[in-house]
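Numbering (the numbering used here), first residue to last: 1 to 65.
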């Protein structure tokens, strides 16, 4: 996954690739292709944001701008 300002996109559908970090592990996935549009919770961020955590890719995109 590239670093910097460019967020990679899914080669299959073009949606942004999401990243989850948990302890020393991380995983990248396409919310559209792999989870039906559901954003998986990053433990640290979901605890911090609690009810403000976006549940779907559409909610995420609305909040991002």
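The beta-carbon is built from N, C-alpha and C at its ideal position, and this holds for glycine as well.
Since this is a predicted model, take the numbers as computed values, not measurements.
Between residue 37 and the set 52, 25, 21 and 56, the nearest pair of CA atoms involves 56.
Between residue 17 and residue 7, the C-beta gap is smaller than 9 Å, which places the two residues in contact. By the Cβ-count criterion, residue 24 is exposed, with fewer than 16 other Cβ atoms from all chains shown falling within 10 Å of its own Cβ. DSSP links residue 16 through a beta bridge to 9.
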